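Asks:
Number of protein chains: 2
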Amino acid sequence: MSTTELAPPAADLDADIPADGLTIGQVAARTGLSIDTLRYYEKEGLTLASPERSVSGQRRYFAADLRWIGSLVMLRRTGMPIRDIRRFVALSRVADNESERLEMLEGHRLRVLHELREVQNHLAAIERKIAFYREKVDHA
Amino acid sequence: MSTTELAPPAADLDADIPADGLTIGQVAARTGLSIDTLRYYEKEGLTLASPERSVSGQRRYFAADLRWIGSLVMLRRTGMPIRDIRRFVALSRVADNESERLEMLEGHRLRVLHELREVQNHLAAIERKIAFYREKVDHA
DNA sequence: TTGCTCCCTGGAGTGCACTCCAGGTCAAGC
DNA sequence: GCTTGACCTGGAGTGCACTCCAGGGAGCAA
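Note that the protein sequences, when read in sequence, are chains A and B.
According to UniProt numbering, the stretch in the first sequence is residues 1 to 140, in order.
According to UniProt numbering, the stretch in the second sequence is residues 1 to 140, in order.
Here's what the structure looks like:
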């Protein structure tokens, strides 16, 4: 989270995917998540479906997996807790509850907007403090 | 952090302060921080100076304390870690290092701006998802 | 066949920022 | 004089989201 957010994934999320899928390491490189985090999300029930496995039991990811992981990243990076994402995923696994999902996303959206406004206000205060220091420093 | 941000402090930060100062409970009410958090910040060395004490040993806060706590809130709510705030406080306690403080604040500002942009981008993706669900739901 | 790299699992450990607790003091009100 | 409520201290506990580790397997290259 600290360096990850500054170092965007090396490979493009949408670069094409070999016929036998991507390994977890390749997915990590594309998404910016760590291998451990990918397995952790899966264990925590955040994946829509468990990824396929190679004959030797290794995870193999395909386009749909990548798209879903993209959604996880967008929810996490906007601050939705794992617990809530799990609920959203549970809803997404069954049909005919689109309105509930919508409700969750809209609630989340409002919280994010609120949070953004607050951070922006505090940032403005910091910028005033910066101006104050700049004044002092430039006069020295 | 979860409810605090939604429930702004009841009393105004700048309402006037009795001659013998404010108790920690009153400061908590004004700042939105918990009593425990105020003591924790003090223990962690985030206060510019320890607050005065009443004859019976209770903390008494005055305007300067409140202003400083306001700065702490603004740094924390924009995501500066305790560790970094401690460094900033240490600088603030001695003279003639305004340029270092300025540097810290400007670095922090850039990180916050970066983070804000990223959250906004992810939020935009969420809003597209919302539009998608709204379409589906409204057609049902 | 040895070594290397990447993967696997279950479970333990970490860092952060609080938050809670036990046991105690003090001032005010009844 | 007793209760109540707000405060005190040192230290333990919590919740969250990872992150790391031990012990092991598969596939490939030299």
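All C-beta atoms, glycine included, are put in the ideal place defined by N, C-alpha and C.
Being a predicted model, the structure only gives us computed values, none of them experimental.
For a contact defined as C-beta to C-beta under 7 Å, what are the partners of residue 40/B on chain A?
Replies: Residue mapping note: residue 40/B aligns to position 40 of the second sequence, counting from 1. Within 7 Å Cβ-Cβ: nothing; residue 40/B doesn't reach chain A, min ~20 Å.
Asks: Compare the C-beta of residue 43/A against all C-beta atoms of chain B and say whether one is closer than 8 Å.
Replies: Start at 1 with the first residue of the first sequence, and residue 43/A comes out as number 43. No, because no Cβ of chain B sits closer than 8 Å to the Cβ of residue 43/A.
Asks: List, in chain order, every chain A residue whose beta-carbon is nearer than 7 Å to that of residue 130/B.
Replies: Along the second sequence, read from residue 1 onward, the residue named residue 130/B stands at position 130. 102, 105, 106 and 109, listed in chain order.
Asks: Taking its Cβ as the centre, do 16 or more other Cβ atoms sit within 10 Å of residue 56/B, making it buried, or is it exposed?
Replies: As a working mapping, residue 56/B is identified with position 56 in the second sequence. Exposed, since its Cβ has fewer than 16 Cβ neighbours within 10 Å.
Asks: Assuming residue 27/B contacts residue 82/B (C-beta within less than 8 Å), just tell me the rounded distance between them.
Replies: On the second sequence, position 27 is the one that residue 27/B refers to. On the second sequence, position 82 is the one that residue 82/B refers to. Wrong, their Cβ atoms sit about 19 Å apart, outside the cutoff.
Asks: Assign residue 67/B to buried or exposed, taking buried as 16 or more other Cβ atoms, counted over all protein chains shown, within 10 Å of its Cβ.
Replies: Along the second sequence, read from residue 1 onward, the residue named residue 67/B stands at position 67. With fewer than 16 Cβ atoms within 10 Å of its Cβ, residue 67/B is classed as exposed.
Asks: Where does residue 59/A fall in DSSP's three states?
Replies: Counting from one through the first sequence, the residue named residue 59/A turns up at place 59. Reduced to three states, the DSSP call for residue 59/A is strand.
Asks: Which residues does DSSP list as the beta-bridge partners of residue 53/B?
Replies: For the purposes of this step, residue 53/B is taken as the residue at position 53 of the second sequence. Per DSSP, 59/B.
Asks: Name the residues in the stretch 53-65 of chain A whose C-beta lies less than 9 Å from a C-beta of chain B; which are they?
Replies: Answer in chain order: no residues at all.
Asks: Determine the extent of the alpha helix (DSSP H) in which residue 116/A is found, giving its start and end residues.
Replies: What you label residue 116/A is simply residue 116 of the first sequence in a count that begins at 1. Its alpha helix (DSSP H) spans residues 98-138.
Asks: Within 10 Å of its beta-carbon, does residue 21/A have 16 or more other beta-carbons around it, so buried, or fewer, so exposed?
Replies: Residue mapping note: residue 21/A aligns to position 21 of the first sequence, counting from 1. It is buried - the Cβ of residue 21/A has at least 16 other Cβ atoms within 10 Å.
Asks: Please report the distance separating the alpha-carbon of residue 38/A from that of residue 51/B.
Replies: The count along the first sequence starts at 1 and reaches residue 38/A at position 38. The count along the second sequence starts at 1 and reaches residue 51/B at position 51. Distance between the alpha carbons of residue 38/A and residue 51/B is about 47 Å.
Asks: Tell me the DSSP secondary structure of residue 22/B in three-state form.
Replies: Taking the second sequence and counting its residues from 1, one reaches residue 22/B at position 22. If DSSP states are grouped into helix, strand and coil, residue 22/B belongs with the strands.
Asks: Interface residues of chain B around residue 112/A at Cβ under 8 Å?
Replies: Numbered from 1 along the first sequence, position 112 holds the residue referred to as residue 112/A. What residue 112/A touches in chain B: 119, 123 and 126.
Asks: I think residue 105/A touches residue 137/B, with their Cβ atoms under 8 Å apart; what is that distance to the nearest whole Å?
Replies: Along the first sequence, one-based indexing puts residue 105/A at 105. Along the second sequence, one-based indexing puts residue 137/B at 137. Wrong, their Cβ atoms sit about 11 Å apart, outside the cutoff.
Asks: Just to confirm, is the Cβ distance from residue 127/B to residue 109/A under 8 Å?
Replies: Position 127 of the second sequence, counted from the start, is the residue given in the question as residue 127/B. Position 109 of the first sequence, counted from the start, is the residue given in the question as residue 109/A. The answer is yes: Cβ separation under 8 Å.
Asks: Report the neighbours of residue 77/B on chain A: residues whose CB is nearer than 7 Å to its CB, in chain order.
Replies: Against the second sequence, residue 77/B aligns to sequence position 77. Under the 7 Å cutoff, chain A gives 118, 119 and 122.
Asks: Suppose contacts are defined by Cβ-Cβ distances below 8 Å. Is residue 125/A in contact with residue 74/B by that definition?
Replies: The sequence position of residue 125/A within the first sequence is 125, counting from 1. The sequence position of residue 74/B within the second sequence is 74, counting from 1. Cβ distance < 8 Å, so residue 125/A and residue 74/B count as in contact.
Asks: Roughly how many whole angstroms lie between the Cα atoms of residue 62/B and residue 77/B?
Replies: Within the second sequence, the letter at position 62 stands for residue 62/B. Within the second sequence, the letter at position 77 stands for residue 77/B. So the alpha carbons of these two residues sit roughly 22 Å apart.
Asks: Only counting the same chain, and skipping five residues up and downstream in sequence, which positions put a Cβ closer than 6 Å to that of residue 45/A?
Replies: In the first sequence, counting from the first residue as 1, residue 45/A sits at position 45. Contacts found: 86.
Asks: When burial is assigned at 16 or more other CB atoms within 10 Å of the CB, is residue 1/B buried or exposed?
Replies: Here the question's residue 1/B lines up with position 1 in the second sequence. In this prediction, residue 1/B scores a pLDDT of 37, lower than 50, which makes its location untrustworthy; the coordinate-derived value is nonetheless stated afterwards. Exposed, because fewer than 16 other Cβ atoms sit within 10 Å of the Cβ of residue 1/B.
Asks: Against chain A, does residue 5/B count as a neighbour if the rule is that its beta carbon must be under 8 Å from one of theirs?
Replies: Mapped onto the second sequence, residue 5/B falls at position 5. Below a pLDDT of 50, predicted positions are generally treated as unreliable, and residue 5/B, at 38, falls in that range; no measurement from the model is reported.
Asks: Return the residue from the list 116/A, 123/A and 31/A that minimises the CA-CA distance to residue 120/B.
Replies: Against the second sequence, residue 120/B aligns to sequence position 120. The residue with the shortest Cα to Cα distance from residue 120/B is 116/A.
Asks: Among the residues of its own chain, which have a CB less than 6 Å from the CB of residue 24/B, if the five just before and after it don't count?
Replies: Translated into positions along the second sequence, residue 24/B becomes position 24. If we look at residue 24/B and ignore the five residues flanking it on each side, its Cβ neighbours are 35, 38 and 59.
Asks: For chain B, find out if any of its Cβ atoms is closer than 8 Å to the Cβ of residue 34/A; answer yes or no.
Replies: Taking the first residue of the first sequence as 1, we reach residue 34/A at position 34. It does not: the Cβ of residue 34/A has no partner Cβ on chain B nearer than 8 Å.
Asks: Would you kindly work out how many angstroms separate the C-alpha atoms of residue 80/B and residue 90/B, rounded to a whole number?
Replies: Within the second sequence, the letter at position 80 stands for residue 80/B. Within the second sequence, the letter at position 90 stands for residue 90/B. One C-alpha to the other measures close to 15 Å.
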